[in-house]
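Number of protein chains: 2
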Amino acid sequence: MSSNDNRLQMFQYIKRDTLDSVNIDPLQTAGLLTQAAKDALIEWGDGYSVCDYCNGALDLVKKPPIEEFVHKALPEFLGTDAARVMNGARESKFAVMHTLAHTAAKSGSFDNYVIMDGWAHYSSKVAAECAGLDVVLTKKPEKEVMPEDFLNAIETGIEERGKKPLLTLITYPDGNYGNLPDVKKIAQISHEFEIPVLLNGAYAIGRMPVSAKELGVDYITGSGHKSMAASGPVGVLGVCGEEAAAQLFRKSVHNKVKEVELLGCTSRGAPIMTLMASFPEVVQRTRLENWEREVASAQYFIKRLEDTGQFVLFGQQPHRHDVMFFEAPGFFKISEKVKRGRYFLYDELKEKKIHGIKPGLTKNFKMSTFGLGKDKLDYIADSFEEILKKYDEL
Amino acid sequence: MSSNDNRLQMFQYIKRDTLDSVNIDPLQTAGLLTQAAKDALIEWGDGYSVCDYCNGALDLVKKPPIEEFVHKALPEFLGTDAARVMNGARESKFAVMHTLAHTAAKSGSFDNYVIMDGWAHYSSKVAAECAGLDVVLTKKPEKEVMPEDFLNAIETGIEERGKKPLLTLITYPDGNYGNLPDVKKIAQISHEFEIPVLLNGAYAIGRMPVSAKELGVDYITGSGHKSMAASGPVGVLGVCGEEAAAQLFRKSVHNKVKEVELLGCTSRGAPIMTLMASFPEVVQRTRLENWEREVASAQYFIKRLEDTGQFVLFGQQPHRHDVMFFEAPGFFKISEKVKRGRYFLYDELKEKKIHGIKPGLTKNFKMSTFGLGKDKLDYIADSFEEILKKYDEL
Chain A
-18 MSSNDNRLQM
-8 FQYIKRDTLD
2 SVNIDPLQTA
12 GLLTQAAKDA
22 LIEWGDGYSV
32 CDYCNGALDL
42 VKKPPIEEFV
52 HKALPEFLGT
62 DAARVMNGAR
72 ESKFAVMHTL
82 AHTAAKSGSF
92 DNYVIMDGWA
102 HYSSKVAAEC
112 AGLDVVLTKK
122 PEKEVMPEDF
132 LNAIETGIEE
142 RGKKPLLTLI
152 TYPDGNYGNL
162 PDVKKIAQIS
172 HEFEIPVLLN
182 GAYAIGRMPV
192 SAKELGVDYI
202 TGSGHKSMAA
212 SGPVGVLGVC
222 GEEAAAQLFR
232 KSVHNKVKEV
242 ELLGCTSRGA
252 PIMTLMASFP
262 EVVQRTRLEN
272 WEREVASAQY
282 FIKRLEDTGQ
292 FVLFGQQPHR
302 HDVMFFEAPG
312 FFKISEKVKR
322 GRYFLYDELK
332 EKKIHGIKPG
342 LTKNFKMSTF
352 GLGKDKLDYI
362 ADSFEEILKK
372 YDEL
Chain B
-18 MSSNDNRLQM
-8 FQYIKRDTLD
2 SVNIDPLQTA
12 GLLTQAAKDA
22 LIEWGDGYSV
32 CDYCNGALDL
42 VKKPPIEEFV
52 HKALPEFLGT
62 DAARVMNGAR
72 ESKFAVMHTL
82 AHTAAKSGSF
92 DNYVIMDGWA
102 HYSSKVAAEC
112 AGLDVVLTKK
122 PEKEVMPEDF
132 LNAIETGIEE
142 RGKKPLLTLI
152 TYPDGNYGNL
162 PDVKKIAQIS
172 HEFEIPVLLN
182 GAYAIGRMPV
192 SAKELGVDYI
202 TGSGHKSMAA
212 SGPVGVLGVC
222 GEEAAAQLFR
232 KSVHNKVKEV
242 ELLGCTSRGA
252 PIMTLMASFP
262 EVVQRTRLEN
272 WEREVASAQY
282 FIKRLEDTGQ
292 FVLFGQQPHR
302 HDVMFFEAPG
312 FFKISEKVKR
322 GRYFLYDELK
332 EKKIHGIKPG
342 LTKNFKMSTF
352 GLGKDKLDYI
362 ADSFEEILKK
372 YDEL
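Protein chains in written order, with this note's numbering: chain A, -18 to 375; chain B, -18 to 375.
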């Protein structure tokens, strides 16, 4: 074995040292695999495992019951007429925007841009850019995105560009503050202009009850790895209306069973099997009564922190989501007087086996309480207090 | 628990009943996970696991050593100046074509079409369609795709459309016959017209030695789940030349670290970790001496079948790849006289625990000998002979 071969061994048997920590990163709390998903991962891990059972169209595989999942369980769950499993939420958003850029754009009533809330995720903007579309944002919200912000953005867009946008995109909730905008009203406003609406539910679908039909949106995108206890990359895409579905899932001129925007097939291995395996538990946890328990947990945690006088929650009050953003003046003061500066908090939390606040952040940070339960939340709040006390800020 | 909850349990704990079979499907033989990849899958299975270590750009994560893999090991392996990990080979082909459609297309010297060999994979055609490009195929080859077929297709394309194509795509090898075209010569021809060349190496990279620079191609795409012992969806994309790399991996106007064609991030979970974990063994197995052993195995198996007088190999002679395609007149005759008709072969092979020939095929079929070794290949050849004898065709 040469020295080069030895060097390559660095890519093998790498341990994930965050595994024994309490993870409060909003990206991670709702992506933890269920036992059933872990089992699926091992059983279906090899390469293209699912393709052993495929006759040409991934979404029509009968055994394992992918067809039942994609064409029945998933649209029912999303409240849409049709759905597909994709490589992620961003790939789903791209598929919608790319389709509209090639269909609606040609009607002459639209110009190549998308309206998004000021808190839209970067991947929404990059997806628009990749689809050749400009982005017009609502004003940066002070506390929350208001329906009139969308109305203003649409009117400004039409005024400046002469034509209406191809799409209105609503982030529900945003991944920093966990604020939930009034989707019904925003969708109504958008529909008055006959502009379709996409709901980016990467932090909602799989965590809380969401129905595209109830909210009145046309497209809905979710993330398997972020919020549906699946091994990524995997996401879901739902669409309301036969015509919109036929456009979005149009077949190739080169191959009558392959869908163009999906490049034929998307999640063709273990990820789709983990998404399916976790699905029964995901359905369960998104029932209203269970989600209300999560919201109560979040509010309990917020109250514990606010009671110290050293944490201020940003955004909607009362808070209705597990993703939350705090200003932490006490932590900031400590960072100004200690040797490690703004990295002290990361180090302190690492010692206490709490992961998920980015190294260097102290003044404000986002986190998530999803699925942690009272004991772990108390442990986190206690730890925050201990750190403040250690440096005489409490 | 309601009856609906019970119904959802169908998505859990599904067994993969092909696991105890000898799998000869070309899609599967080189996608089997190594032990190191299985370990990575379990360790890194949760949702967005890798993102715990990310500061904004997936390819720059230092620990685990993704940066070392993407920016050093992978380009070295592919013989390119730059490389990225993608969601698959098809997504990589789309990224190249979509980029060219938005850059080169604007120079005025090109028209929106791509030249491909007559055996191009459907996903190459669908990727072109999704990028808004037409496809001009070389003539359907009788035995193999010849360089002059590409020359003819390019000349015809230019004659009919007035301008040259954006890209020449070579399938190396095709996934049905395992034929290896003369890439060097085809690339040379294409470059004489100043048309860039993409090598679709989904059945080559990870199985056999391939170097973009040695072959003289500009772009190269490979499949992690098909040929690199990784858990899908995952693929690799390499590019030669600074300017081409800068175009392909251009950054977003909305976010200075995110690459537009990658929608910011691609394989952001377990798949990239399995790709890396298997990489040392993949490098090893693609060394010329090891690949020559695979070719010798393939040729041994072909000879055993041909010696029966009931199998005719299609394509290049001598055959130089593990993917192969047989005409099987004996099997076809049986299908015409037995009750189960053309499904008899699938049933017979199932009984012998051999998987990978699609149900209903008898007259001709593709298969792969990759990694099976002499004992399993003898078992397969013996089984084929037994079946022929059982029905008096041998």
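We put the beta carbon where it would ideally sit given N, CA and C, even for glycine.
Sort out for me which residues DSSP pairs residue i with in a bridge.
{"i": "residue 146 of chain A", "result": "A/92"}
{"i": "residue 179 of chain B", "result": "B/150, B/200"}
{"i": "residue 4 of chain A", "result": "A/336"}
{"i": "residue 116 of chain A", "result": "A/95"}
{"i": "residue 232 of chain A", "result": "A/240"}
{"i": "residue 294 of chain B", "result": "B/307"}
{"i": "residue 186 of chain B", "result": "B/189"}
Would you please state the rounded distance, in angstroms, between the beta carbons of residue i and residue j? I believe it to be under 8 Å.
{"i": "residue 353 of chain A", "j": "residue 264 of chain B", "result": "Rounded, the Cβ-Cβ distance is 42 Å, inconsistent with contact."}
{"i": "residue 216 of chain B", "j": "residue 61 of chain B", "result": "About 14 Å separates the two Cβ atoms, so there is no contact after all."}
{"i": "residue 254 of chain A", "j": "residue 31 of chain A", "result": "7 Å"}
{"i": "residue 109 of chain A", "j": "residue 95 of chain A", "result": "5 Å"}
{"i": "residue 13 of chain B", "j": "residue 303 of chain A", "result": "Wrong, their Cβ atoms sit about 39 Å apart, outside the cutoff."}
{"i": "residue 346 of chain A", "j": "residue 307 of chain A", "result": "6 Å"}
{"i": "residue 147 of chain B", "j": "residue 91 of chain B", "result": "5 Å"}
{"i": "residue 337 of chain B", "j": "residue 135 of chain B", "result": "Between residue 135 of chain B and residue 337 of chain B the Cβ distance is about 36 Å, and since that is not below 8 Å, they are no contact."}
Classify residue i as helix, strand or coil using the three-state DSSP reduction.
{"i": "residue 262 of chain A", "result": "helix"}
{"i": "residue 64 of chain A", "result": "strand"}
{"i": "residue 349 of chain B", "result": "strand"}
{"i": "residue 313 of chain B", "result": "helix"}
{"i": "residue 216 of chain A", "result": "strand"}
{"i": "residue -5 of chain A", "result": "coil"}
{"i": "residue 245 of chain B", "result": "strand"}
{"i": "residue 369 of chain A", "result": "helix"}
{"i": "residue 25 of chain B", "result": "coil"}
{"i": "residue -15 of chain B", "result": "helix"}
{"i": "residue 9 of chain A", "result": "coil"}
{"i": "residue 374 of chain A", "result": "coil"}
{"i": "residue 163 of chain B", "result": "coil"}
{"i": "residue 360 of chain A", "result": "helix"}
{"i": "residue 172 of chain B", "result": "helix"}
{"i": "residue 344 of chain B", "result": "coil"}
{"i": "residue 100 of chain B", "result": "coil"}
{"i": "residue 83 of chain B", "result": "helix"}
{"i": "residue 121 of chain A", "result": "coil"}
{"i": "residue 45 of chain A", "result": "coil"}
{"i": "residue 251 of chain B", "result": "helix"}
{"i": "residue 331 of chain B", "result": "helix"}
Between the options, which has its C-alpha nearest residue i's C-alpha?
{"i": "residue 278 of chain B", "options": "B/305, B/257, B/252", "result": "B/305"}
{"i": "residue 69 of chain B", "options": "A/302, A/243, A/103, A/198", "result": "A/243"}
{"i": "residue -7 of chain A", "options": "B/7, B/8, B/16", "result": "B/16"}
{"i": "residue -4 of chain A", "options": "B/23, B/2, B/10, B/11", "result": "B/23"}
{"i": "residue 182 of chain B", "options": "B/269, B/189, B/171, B/202", "result": "B/202"}
{"i": "residue 342 of chain A", "options": "A/224, A/151, A/312", "result": "A/312"}
{"i": "residue 100 of chain A", "options": "A/117, A/355, A/91", "result": "A/117"}
{"i": "residue 257 of chain A", "options": "A/43, A/142, A/47", "result": "A/47"}
{"i": "residue 177 of chain A", "options": "A/316, A/18, A/221, A/373", "result": "A/221"}
{"i": "residue 238 of chain B", "options": "B/35, B/21, B/213", "result": "B/35"}
{"i": "residue 131 of chain A", "options": "A/19, A/-13, A/174", "result": "A/174"}
{"i": "residue 205 of chain A", "options": "A/55, A/0, A/2, A/372", "result": "A/55"}
{"i": "residue 213 of chain A", "options": "B/252, B/172, B/7", "result": "B/252"}
{"i": "residue 272 of chain B", "options": "B/75, B/301, B/67", "result": "B/301"}
{"i": "residue 369 of chain A", "options": "A/45, A/185, A/292, A/66", "result": "A/292"}
{"i": "residue 223 of chain B", "options": "B/240, B/199, B/122, B/210", "result": "B/199"}
{"i": "residue 114 of chain A", "options": "A/123, A/145, A/120", "result": "A/145"}
Under 8 Å, with one C-beta from each stretch per pair, do the region 30 to 42 of chain B and the region 240 to 257 of chain B reach the 3-pair mark? Yes, the region 30 to 42 of chain B touches the region 240 to 257 of chain B.
Using 8 Å as the Cβ pair cut-off and three pairs as the minimum, do the region 109 to 129 of chain B and the region 146 to 166 of chain B touch? Output reads yes: the region 146 to 166 of chain B touches the region 109 to 129 of chain B.
Three or more C-beta pairs under 8 Å: does that hold for the region 283 to 297 of chain B against the region 360 to 368 of chain B? At 8 Å Cβ cutoff, the stretches touch.
State whether the region 325 to 337 of chain A contacts the region 177 to 193 of chain A, with contact taken as three or more CB pairs (one from each stretch) at a distance under 8 Å. Under the Cβ criterion (8 Å, minimum of three pairs), the region 325 to 337 of chain A does not count as touching the region 177 to 193 of chain A.
Does the region 98 to 107 of chain B come within contact of the region 142 to 162 of chain B, defined as at least 3 CB pairs closer than 8 Å? Touching, per the Cβ criterion.
So, do the region 70 to 81 of chain B and the region 220 to 235 of chain B have three or more beta carbon pairs nearer to each other than 8 Å? With a cut-off of 8 Å, the region 220 to 235 of chain B and the region 70 to 81 of chain B count as touching, because enough Cβ pairs lie within range.
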